[in-house]
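Numbering (our numbering), first residue to last: -10 to 80.
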Amino acid sequence: ALENSRILIHQPSAQGEGQSSDIEIQAREILRVRALQETMLARHTGRTETEIRRDTERDKIFSADEAEEYGLIDEVIMSRKAARLLSARSA
């Protein structure tokens, strides 16, 4: 991510409209997606699913450095040009 980036994680959400059975279907889907999100983020960040659940209860905004420390991104870059140069060197 670029050094001035902000990265946001939060729980899934949806508009609850329609008949009660439709809302129930949407609620089950949100819970399914949330569990999947927690599993995937835990796997890729090295955090526990409990940590992910806690951190996604509300919007959590990271600076680029914080996102790198958390495990959401691989590295912080100073510019797109620098990223292209690094990419070319590693190729």
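Positions of the beta carbon are idealized from the N, C-alpha and C atoms, including for glycine.
By the criterion of a C-beta distance shorter than 6 Å, V22 is surrounded in its chain by P1, once the five residues flanking it on both sides are discounted. Annotation for L30: the continuous alpha helix (DSSP H) segment containing it runs 9 to 34. Secondary-structure assignment with DSSP links R(-5) through a beta bridge to S52. Residue environment: L30 is assigned as buried (16 or more neighbouring CB atoms within 10 Å of its CB, all protein chains considered).
By the criterion of at least three beta-carbon pairs nearer than 8 Å, the stretch -10 to 1 is in contact with the stretch 50 to 68.
Annotation for I41: the continuous alpha helix (DSSP H) segment containing it runs 38 to 44.
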